[in-house]
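>
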Amino acid sequence: MMELDVRVPSKGFIETIRERIAELEYREATDAATPDTCEELVDLHEFLDKLYTMSLEHARKTLQ
889 MMELDVRVPS KGFIETIRER IAELEYREAT DAATPDTCEE LVDLHEFLDK LYTMSLEHAR
949 KTLQ
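Mind the numbering: the sequence shown is residues 889 to 952 in the working numbering, read in order.
1) Is it right to say residue 944 is buried, meaning 16 or more other beta carbons lie within 10 angstroms of its own, or is it exposed?
2) Closer than 7 Å by C-beta to residue 889: which residues in its own chain qualify, once you throw out the five before and the five after it? Chain order, please.
3) Is the separation between the beta-carbon of residue 929 and that of residue 913 shorter than 8 Å?
4) Below 8 Å on the Cβ atoms is my contact criterion, and I expect residue 916 with residue 925 to pass it. Report the Cβ-Cβ distance as a whole number of Å.
5) Measuring only the C-alpha atoms, how far is residue 937 from residue 910?
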């Protein structure tokens, strides 16, 4: 799993991840995926989930 220290995610960063996920999912759908493609896809989904969790935690702290 990739690790980045992201305290405030930018919309551009998240959009870049979403675009990469869409590209990898397209490869899977067209049977052009490799084991590395599948692993990267899982890593990106996990990373995006972690990023959203961090954003929610930050929002909760800000609202308190």
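Ideal Cβ placement from N, Cα and C applies to all residues, glycine included.
According to the data block:
1) Position 56 of the sequence shown, counted from the first residue, corresponds to residue 944. Under this definition residue 944 is an exposed residue.
2) Here residue 889 refers to the residue found at position 1 of the sequence shown. Summary for residue 889: the model assigns pLDDT 46, below 50, so the residue's position carries little reliability; its value from the coordinates is reported in the next sentence. Closer than 7 Å at Cβ, skipping near neighbours: 931, 934 and 935.
3) Translated into positions along the sequence shown, residue 929 becomes position 41. Translated into positions along the sequence shown, residue 913 becomes position 25. Result yes, Cβ atoms of residue 929 and residue 913 sit closer than 8 Å.
4) Within the sequence shown, the letter at position 28 stands for residue 916. Within the sequence shown, the letter at position 37 stands for residue 925. Rounded, the Cβ-Cβ distance is 7 Å, consistent with contact.
5) Here the question's residue 937 lines up with position 49 in the sequence shown. Here the question's residue 910 lines up with position 22 in the sequence shown. Roughly 15 Å between the two C-alpha positions.
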